[in-house]
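Number of protein chains: 4
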Amino acid sequence: VVGKVRASIIGASGYTGGELLRLLLQHPAVEVLSASSERCAGRPVTERLPNLRGLTHLRYVPAAEIAADVDCIFLCTPHGVSAELAARYSAGPARLIDLSADFRLRDPATYALWYGRTHPAPELLEHFVYGLPELQRGAIAQAHRIAAPGCIATAATLALAPLLAAGLIDPQRIVVDAKIGSSGSGALPTQATHHPQRSGTVRAYKPAGHRHTAEIEQALAPLSATAPTVALTAHAVEMVRGILCTAHCFLLDSANVTAAQLEATYRDYYSAAPFVRYVHEAHGVHRLPEPGPVRGTNYCDIGCILDPHAGRVVVVSALDNLVKGAAGQAVQCLNLMCGLPETTGLTAAALHPA
Amino acid sequence: VVGKVRASIIGASGYTGGELLRLLLQHPAVEVLSASSERCAGRPVTERLPNLRGLTHLRYVPAAEIAADVDCIFLCTPHGVSAELAARYSAGPARLIDLSADFRLRDPATYALWYGRTHPAPELLEHFVYGLPELQRGAIAQAHRIAAPGCIATAATLALAPLLAAGLIDPQRIVVDAKIGSSGSGALPTQATHHPQRSGTVRAYKPAGHRHTAEIEQALAPLSATAPTVALTAHAVEMVRGILCTAHCFLLDSANVTAAQLEATYRDYYSAAPFVRYVHEAHGVHRLPEPGPVRGTNYCDIGCILDPHAGRVVVVSALDNLVKGAAGQAVQCLNLMCGLPETTGLTAAALHPA
Amino acid sequence: VVGKVRASIIGASGYTGGELLRLLLQHPAVEVLSASSERCAGRPVTERLPNLRGLTHLRYVPAAEIAADVDCIFLCTPHGVSAELAARYSAGPARLIDLSADFRLRDPATYALWYGRTHPAPELLEHFVYGLPELQRGAIAQAHRIAAPGCIATAATLALAPLLAAGLIDPQRIVVDAKIGSSGSGALPTQATHHPQRSGTVRAYKPAGHRHTAEIEQALAPLSATAPTVALTAHAVEMVRGILCTAHCFLLDSANVTAAQLEATYRDYYSAAPFVRYVHEAHGVHRLPEPGPVRGTNYCDIGCILDPHAGRVVVVSALDNLVKGAAGQAVQCLNLMCGLPETTGLTAAALHPA
Amino acid sequence: VVGKVRASIIGASGYTGGELLRLLLQHPAVEVLSASSERCAGRPVTERLPNLRGLTHLRYVPAAEIAADVDCIFLCTPHGVSAELAARYSAGPARLIDLSADFRLRDPATYALWYGRTHPAPELLEHFVYGLPELQRGAIAQAHRIAAPGCIATAATLALAPLLAAGLIDPQRIVVDAKIGSSGSGALPTQATHHPQRSGTVRAYKPAGHRHTAEIEQALAPLSATAPTVALTAHAVEMVRGILCTAHCFLLDSANVTAAQLEATYRDYYSAAPFVRYVHEAHGVHRLPEPGPVRGTNYCDIGCILDPHAGRVVVVSALDNLVKGAAGQAVQCLNLMCGLPETTGLTAAALHPA
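If you read the sequences in order, they're chains A, B, C and D.
Counting with this note's numbering, you get residues 820 to 1173 for the letters of the first sequence.
Counting with this note's numbering, you get residues 820 to 1173 for the letters of the second sequence.
Counting with this note's numbering, you get residues 820 to 1173 for the letters of the third sequence.
Counting with this note's numbering, you get residues 820 to 1173 for the letters of the fourth sequence.
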């Protein structure tokens, strides 16, 4: 890459697109050419994104005005819309990073099963690489099309991969109990996100059948002799940004596993991953991962705890659903695709207290 | 019982004792004689409990001034202190309801295992009945000494009992992922409950080894052919009052279980339990149990969801940790012990929005 | 009144109507005949009001089905709709309690000024009494039509009345800085109540021009030699239920006013008001009014503090916007109109912690 | 300055010191030599500051080990302790930036009045410059000793200065109603910050007599012909970081002031201030300042609204109490003192949603 990477965002008035805009505007090697929103076309982006006041005078344009001859186009569009746009830009020169679910599942039949509809563009699926750098950094660096993973899928997959790769746990009895903040529901108000009914609760909004289940199983399958089955339940908790995934895994041979061995397994597995921090201190309030210390950052913090009583490992992972779970991970992929250091533009620390 | 039940509370400046005071002061068949607190002795209870302003002029007394010849003494004292007090009052005429953990586990060896110390009064254990009315209403009605269950234990046991009694699930692979509000930590400030570090987080504060595990297993053991093992993880979430327990259970024969059968199992099991509501509506934000609609009440709401993909049942239960998880359940036991209708003094509805 | 008061609620799917339903269903002298909602007609009220599960099997009906020959009809309808309904029921025998703003201002010109439209039913205005019992208990007891005050108006008027009546403050320099929870915005989701944008903020949503200003000035005018001007600013804070009003008043003769005199002024003024608690303790976290200890109750807590440096009195008042600020106050009026003790059905204590 | 500015922080385990550490570690022109904490000496700073994991391996040292020959020493110590330390380092070469209140008030008598004690080091007062760059950029650039302003004082002073300088308002009737998040209470847990009692409330914790009053009046006095009197009330709201100040000011000649004139007054006054954003949009949820869009940043957003009814201007200002209200402002002063661009190290955007 000579000069700055010229990038455009389609769908920049929602939370994911807005977060991407924040990251790209502060990215030292990227120039944001345009940002689209049908609803807000013509308006300054700062009307939707008050945090960017003073940082940019960009105005939203309609998607139709996004030029094809840029270096990278980010699709922050709803599921289904991305597939249409991907088809439109598929012949063009631009790299494409899709943050929707349209190209995450490689098998159209799996897509049909979990999304309840025929895949809208199955012929494009083979061009997309699943954008989880910690599991396939090499493929991403070579890719021209990226399907950025789901937020819960990222937290769960990173939590489980080392254990499955090490063959330590029963792949048929994996429970993932996820807790997510309200920004995960997107920018459109609904009864479920109406403050009086969302505040002070914890709600099992998707006890079974969550679509990220399929992504997690697909991402983990290559690591395990037996294809894993994931029992995922998603909860809404009182928090704006953040996910905490608690993975409950049953050890195959619990008598012969030590806490030290578990820690070593994780540290080795992620030794080259700049955004995974292994967190398990001896004491203190923040001794295990939680959303605060990763908020606004691209980190995924992971810690695991041995439970000899139940023959179980509890793996706790935390990330910011809009950063490592969406926009930040997309930037991380962009960095890899462009030969930039993986952490470029993603180094700001979280706040404490958060 | 002729006339009102004369009751005293030892340890009424904490959250559990304060909540009990609120319930008893409004109970139509109870007269509160005294409430103790060493720290606050001589001060009006409304200094600690501003919600009771206008309702009472009671002042705290030292525990030493609590008379033995009342109808019922409630112990809302820390673990260990209750055992001492129980010994002191054991020869007296008063019924004793202990809200600490001291007399919940029947086997001193189990106590030693989970509490890391020798039981302080093993000779008294046989006199105590575990005060979970939904599982042993009859024994409580006959009892003179009650050990009120833990808050998470209540939520988990009520969620799991019907499935184990019906022999539907694998008793060795039970995951309980509990989420609890900050009042569960008690009234004393610590780093973990300091608002800036407790707000907006979800924290796995006890990923394994939670002491309520032993209670749950003890309460469920009689219902299951094989002794159950519970894999419990407790999380702190941003909320003041409330518990949501998500129990992940693997079906023994998942091909032959239907959602309707599960619902019938629960409705039958709790057909005589006025404080268990089976909640699983077809749609709506509040279609499953959550803490809001039980806040301030003695209800435990329970719903269950079939997950054919993972061969799993997800059971969700919600209660108010200070009411059904502590003070309300103690009053429910008192009602049963005194021959009063079980719901006396416990009928106020929750608020919505909460 | 012989037998129970037969009541119906028009507009019972919103927060105000829902709260009224909660109070009336538990009211010992009221029978709820029907509750209307166009949107939810035919559905159980518990779908919208999960807190009432187990308490009622009532279903919503269309407003057209609400019979006119009941003892009392409550209008919990939007501003404008109430005026139409009041006209419809004006010839009927039922008492009418309107919780909208339609009949609060006696002068149609004032209404036009603050609401930006001609009053929809000026001929009915004279039949309505402003339902603030602490200021006009007698008129309410004689009334057949009540206009229940606004929530902020109630908190501000009760805070200011004693000072104006005593002639202690400058009536032209009264600042009321109100803070209100999200339930005050009603049950319909908007961008302003969308959890990610409503959580963790404090927002001056109506810095000037708030319509309750007119109500407050109208209610206070009779108490003051000079007509008062109120400078009201309304803020949204992170909280579901509750209002805290901070009134900043400049003393006319600050050198000659003592804190004891201020307290006596308030205690005297409200000596016959069962729902006003004067709260100003020497120390402690909850030494002044705040929303927690009044949540779910019909109390308005008031305390005042002398500021010699600025020649100011700070009056702090707290209430639950859905109870004393709406549904509870309506029930209080009903009690007075029906000759019942003023506190009937309104005696439940708040929770602590809230 | 040649090379990086070598800085040390005394008192880096609290929130202010921790925030300063975050900013300095990411500052391109600063090298952090050491950070002290008596309590945590020997421990990694990341134990207290989990947000800095992966960013630093620094360990706390006792204050006694902080060398005097650095370029700048920041004192994040409690009031009183700073004065002792300032004396210790007063002969040294290091610039001193004190974040406590010890050197903010120029007159020891004023200090005695508001702090209730004799000033501990009156002979040092003349060496300190009040570190509010927007009001005295020049003096700070020449200074060797800085007293960083209080958080509420910063928000209030910046809100009021343009109006007083323009002579538009009555300087004797200024009401400042401040709302602040829990981090403003510091890192030590108390009853007032205990989550169950701090959550979901809004509390007038300092209705009158707040010590920042004196700072505000001192800072504003030079701008006004008549010395201003500020009537300040401080509230705790449910939020971790952030202040919203609502200043209610009465216009001297309200008939002749327009909204456009007010806006121009502010824009002119702060035309050279990179961290003051004038925010008053025509519509939208975030049309006025609020804490979200400034969280984690050094901005102070200000907007003002004309209230013709009451002859009032409402000025709303928002900042992050730990950044512009403490650590960020200290860094801004350091930049000015060292001849660096004022915004160096302070350019990261806030998150949205926050």
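All residues carry an ideal CB built from backbone N, CA and C; glycine is no exception.
Computed from a prediction, not measured in an experiment: that's the story for all the values here.
Original post:
CB Arg858 of chain D to CB Arg878 of chain D, shorter than 8 Å?
Top reply: No, they are not a contact pair.
**OP:** For my contact list, Gly1111 of chain D and Gly1019 of chain C are in at a C-beta cut-off of 8 Å; report their separation, rounded to the angstrom.
**Re:** Rounded to the nearest angstrom, the Cβ distance from Gly1111 of chain D to Gly1019 of chain C is 7 Å, consistent with a contact under 8 Å.
Original post:
So is Ala1046 of chain C in contact with chain D if we call contact Cβ pairs under 8 Å?
Top reply: For Ala1046 of chain C, the answer is no, since every Cβ of chain D falls outside 8 Å of its Cβ.
Subject >> Nearest candidate by alpha-carbon position, reference Phe893 of chain B, set B:Cys1152, B:Gly1158, B:Val1021, B:Val1059 >> reply: Cα-wise, what sits closest to Phe893 of chain B is B:Cys1152.
Original post:
Any idea if Arg841 of chain A is buried or exposed, counting beta-carbon neighbours within 10 angstroms, 16 or more meaning buried?
Top reply: Counting Cβ neighbours within 10 Å, Arg841 of chain A comes out buried, since at least 16 surround it.
Original post:
Does the beta carbon of Gly836 of chain D sit closer than 8 Å to a beta carbon anywhere in chain C?
Top reply: No, its Cβ sits nowhere closer than 8 Å to a Cβ of chain C.
Subject >> Partner residues on chain B for Val1059 of chain D, Cβ-Cβ distance less than 9 Å >> reply: For Val1059 of chain D, the chain B residues whose C-beta falls within less than 9 Å of its own C-beta are His1014, Pro1015, Gln1016, Ser1018, Gly1019, listed in chain order.
**OP:** With 8 Å as the limit, tell me which residues of the region 888-920 of chain B have their beta carbon closer than that to any beta carbon of chain D; keep them in chain order.
**Re:** Within the region 888-920 of chain B, no residue has a Cβ that lies closer than 8 Å to any Cβ of chain D.
**OP:** Could you please give the first and the last residue of the uninterrupted beta strand (DSSP E) stretch that includes Val864 of chain B?
**Re:** That residue, Val864 of chain B, is in no beta strand (DSSP E); its alpha helix (DSSP H) goes 864-867.
**OP:** Just mark Pro1160 of chain B as buried or exposed, buried being the case when its beta carbon has 16 or more other beta carbons within 10 Å.
**Re:** Residue burial annotation: Pro1160 of chain B is exposed, with fewer than 16 other C-beta atoms found within 10 angstroms of its C-beta.
Original post:
Using 8 Å as the Cβ pair cut-off and three pairs as the minimum, do the region 974-992 of chain C and the region 1030-1044 of chain C touch?
Top reply: Touching, yes, given that three or more Cβ pairs across the two stretches are closer than 8 Å.
**OP:** Identify which residue in C:Glu1100, C:Cys895, C:Asn1075, C:Gln1016 has its Cα closest to the Cα of Ala920 of chain C.
**Re:** Closest option to Ala920 of chain C, Cα to Cα, is C:Cys895.
Original post:
Between the region 1015-1031 of chain C and the region 1049-1066 of chain C, do at least 3 Cβ pairs fall closer than 8 Å?
Top reply: The region 1015-1031 of chain C vs the region 1049-1066 of chain C: in contact.
**OP:** Take Thr1084 of chain B and list the residues in its own chain whose beta-carbon comes closer than 6 Å to its own, dropping the five residues that flank it on each side.
**Re:** Once the five neighbours on either side are set aside, the close Cβ partners of Thr1084 of chain B are Pro981, Ala985.
**OP:** My understanding is that Tyr1118 of chain C touches Leu1141 of chain C, with C-beta atoms under 8 Å, so please give their C-beta distance in whole angstroms.
**Re:** Beta-carbon to beta-carbon, Tyr1118 of chain C and Leu1141 of chain C are separated by about 13 Å, too far to satisfy the 8 Å threshold.
Original post:
For the alpha helix (DSSP H) that contains Glu1034 of chain C, what are its first and last residues?
Top reply: Judged by DSSP secondary structure, Glu1034 of chain C falls within the alpha helix (DSSP H) whose first and last residues are 1031-1039.
Subject >> Beta-ladder partner(s) of Ile1124 of chain D, from DSSP >> reply: Paired residues: D:Val1133.
Original post:
By Cβ distance, which residues of its chain are closer than 7 Å to Ala1092 of chain D, with the 5 residues on each side in sequence left out?
Top reply: Cβ within range, chain order: Glu953.
**OP:** Take the Cβ of Lys1143 of chain A as the centre, count every other Cβ of all protein chains shown within 10 Å, and call the residue buried at 16 or more, exposed below.
**Re:** Under this definition Lys1143 of chain A is a buried residue.
**OP:** Name the residue from B:Gly1061, B:Thr1032, B:Tyr949 whose alpha carbon lies nearest to the alpha carbon of Ala1149 of chain B.
**Re:** That would be B:Tyr949, whose Cα lies nearest to the Cα of Ala1149 of chain B.
Original post:
From B:Ala1006, B:Asp926, B:Ala958, B:Gly911, pick the residue whose C-alpha is nearest to that of Leu868 of chain B; which is it?
Top reply: The shortest Cα separation from Leu868 of chain B among B:Ala1006, B:Asp926, B:Ala958, B:Gly911 belongs to B:Ala1006.
Original post:
Does the Cβ of Ala1173 of chain D have 16 or more other Cβ atoms within 10 Å, making it buried, or fewer, making it exposed?
Top reply: The residue in question, Ala1173 of chain D, is buried, as its Cβ has 16 or more Cβ neighbours within 10 Å.
**OP:** Could you tell me which of A:Val880, A:Gln1037, A:Thr1048, A:Ala1129 sits nearest to Arg923 of chain A, measuring between CA atoms?
**Re:** That would be A:Gln1037, whose Cα lies nearest to the Cα of Arg923 of chain A.
**OP:** Would you list the residues sitting across from Tyr1024 of chain B in a DSSP beta bridge?
**Re:** In the DSSP assignment, Tyr1024 of chain B forms no beta bridge with any residue.
Subject >> Unbroken stretches of the alpha helix (DSSP H), 4 residues or longer, contained in the region 900-963 of chain D >> reply: With a minimum length of 4 residues, the continuous alpha helix (DSSP H) runs that stay inside the region 900-963 of chain D are 900-908, 927-934, 952-961.
**OP:** Spell out a yes or no on whether the region 1114-1134 of chain D and the region 1069-1081 of chain D are touching, meaning 3 or more CB-CB pairs, one atom from each, closer than 8 Å.
**Re:** Contact holds: three or more Cβ-Cβ distances are below 8 Å.
Subject >> Environment of Ala913 of chain C [buried if 16+ CB atoms lie within 10 Å] >> reply: Burial check for Ala913 of chain C: the Cβ neighbour count within 10 Å reaches 16 or more, so the residue is buried.
Subject >> chain F contacts made by the region 1059-1084 of chain A, where a contact means CB separation under 8 Å >> reply: In the structure shown, chain F cannot be found, because the protein chains are A, B, C and D.
Subject >> For Leu852 of chain C and Ala1033 of chain B, the rounded distance between their alpha carbons >> reply: Distance between the alpha carbons of Ala1033 of chain B and Leu852 of chain C is about 49 Å.
Original post:
Cβ of His876 of chain A within 7 Å of any heavy atom in the ligand ZN?
Top reply: Absence of the ligand ZN is noted for the structure shown, with no ligands found whatsoever.
Original post:
Along the chain, where does the alpha helix (DSSP H) that runs through Tyr1085 of chain B open and close?
Top reply: Per DSSP, Tyr1085 of chain B belongs to the alpha helix (DSSP H) from 1078-1088.
Original post:
Using a C-beta to C-beta distance shorter than 7 Å, which residues of chain A count as neighbours of Gln1010 of chain C?
Top reply: Neighbours of Gln1010 of chain C on chain A, chain order: Pro1008.
Original post:
Under a CB-based cut-off of 8 Å, is Leu982 of chain A close to chain B?
Top reply: Among the CB atoms of chain B, none fall inside 8 Å of the CB of Leu982 of chain A.
Subject >> CA-to-CA distance, Glu942 of chain D to Arg1106 of chain C, given in whole angstroms >> reply: Looking at the backbone, the Cα of Arg1106 of chain C and that of Glu942 of chain D are separated by about 39 Å.
Subject >> Buried/exposed call for Arg936 of chain A, threshold 16 Cβ in 10 Å >> reply: Result: exposed.
Original post:
Taking the continuous beta strand (DSSP E) assigned at Tyr1097 of chain A, which residues delimit it?
Top reply: According to the DSSP assignment, Tyr1097 of chain A belongs to the beta strand (DSSP E) that extends over 1095-1097.
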